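> Questions regarding the structure given below will be posed in turn.
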Amino acid sequence: MPVPLLKKVLPAQTRLSLRQFYWLSRSWLYVGNKVYCPLCEAAFRTFLPFGTERRQQALCPRCHTVERHRLLWLYLTEQVNITQRSLEVLHMAPEPILQSRLKRLLHLRYRSADLTSPVAMDHADIQALPYPDATFDLILCSHVLAHVPNDAKALQELRRVLKPTGQLLLQARLHPHAHTVEQPNAITPQQRLQAYGQADRFRNYGQDFGQRVAAQGFSVEKVEYALTRTPEEQTRLGLGNGELIFVATPSRHEAQ
Ligand SMILES: [Zn+2]
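One point on numbering: in full-length UniProt numbering, the residue at position 34 of the sequence shown is 34, and numbering is uninterrupted.
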C-alpha cells in the first residue's frame, strides 16, 4: 500500500506502533554489547549513523532515539528523579519514544502539546498555550524554539504555565557564532531555507541562547551533562559531542 494511503487509513499511533515493531525486529541485526541505550534499556554492537551529515554512533537501532534524547533521559532519571516523583509534566513537540516512556510512569500527570503533531495529546500553539498559570512542575522543550516565529512570546508562555518552583528543560541546536542570527526579510520557506539551512526555521541560535532565555524571566544553568560520565561511558551511551541541557527556573515571582 502506498505511504500516502497508509497515512489516510491508519491512525498516527498505529503507524508509530508498526514502525516501532519494524525497528524492534531489525534491531536483532545489531545484537552486541558495545553500546547501551538507556531509553530502551538494550545493548547493541553499534549505534547507527544519522542526520544529513551522517553523524556516526547516533541512532539507536531499536528505539530510533539519538544523542540528545539519551542525554535528556539520563538527566530526567538521575537529576529530576522522574521515575519516583509525582510531577505535572508538559512535553512540547513530544518525541514519540520519549513520550511513550513518560506515559508509562503512571505517577506523572503528563500532557504533551504540539501545533500539528498527530501524536501530541493537545494541539496548541506554544505562543498561546491553553493551560492555566502555574500548572506544571516540569516542561520539556527540545529543539522547538528555532521553529517558532516569536520565541520570546513562547518563552513567556512557558514561564506563565510553569510553577514558580518548576523547571523548564531546553535543548537547542547552537551554532558557533556568538549571536543568534535572525533575518527579518526571510519570510517564505524558500527564503528561510537559504537564510537558515532549513525551511521551517525562524533563526539560528548562537552562543547567546541562554541569555535569550534569561531575558524572558528565567535563571538559566547550562548543563554539560555528558561530562558526568567518563569518555568511555559517553561513547558506550552514545551521548555525542557537546550536547547541552539548559535548565531554566523562573527568576522573578509575581506578586500574588
Ligand atoms: Zn534505544
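Just so it is clear, CB atoms sit at the ideal spot from N, CA and C, and this is done for glycine as well.
Since we're looking at a predicted model, the values are computed, not measured.
What residue does the beta strand (DSSP E) around Ser251 start on, and which one ends it?
Per DSSP, Ser251 belongs to no beta strand (DSSP E) and is neither H nor E.
> Could you name the residues whose beta carbon sits closer than 5 Å to any heavy atom belonging to ligand 3, keeping them in chain order?
In the structure on display, ligand 3 does not appear, and the ligands it does have are ligand 1.
> What did DSSP end up calling Gly166 once you bin it into helix, strand or coil?
Gly166: strand per DSSP, three-state reduction.
> Look at the alpha carbon of Gly238 and the alpha carbon of Ala172, and state the distance between them as a whole number of angstroms.
One C-alpha to the other measures close to 18 Å.
> From Arg201, Gln234, Pro189, Glu243, pick the residue whose C-alpha is nearest to that of Gln207; which is it?
Comparing Cα-Cα distances from Gln207 to each of Arg201, Gln234, Pro189, Glu243, the minimum goes to Glu243.
> State the CB to CB distance for the pair Thr180 and Asn204, rounded to an integer number of angstroms; the pair is presumed to be in contact (CB under 8 Å).
Rounded, the Cβ-Cβ distance is 7 Å, consistent with contact.
> If contact is defined by three or more beta carbon pairs under 8 Å, each pair taking one atom from either stretch, is the stretch 28-38 in contact with the stretch 46-55?
Output reads yes: the stretch 28-38 touches the stretch 46-55.
> Look at the Cβ atom of Leu105, then the Cβ atom of Thr83, and state whether they are nearer than 9 Å.
For Leu105 and Thr83, yes; Cβs fall inside 9 Å.
> For Val89 and Leu138, what's the separation of their Cα atoms in angstroms?
If you take the alpha carbons of Val89 and Leu138, they lie about 5 Å apart.
> Check the DSSP bridge columns for Ser142 and list the partner residues they point to.
Gln171.
> Check the C-beta distance from Pro250 over to Phe209 and give it rounded, since I have them as a contact under 8 Å.
The Cβ separation is near 18 Å, so there is no contact.
> Would you give the residue range spanned by the alpha helix (DSSP H) that Asp151 belongs to?
Its alpha helix (DSSP H) spans residues 151-161.
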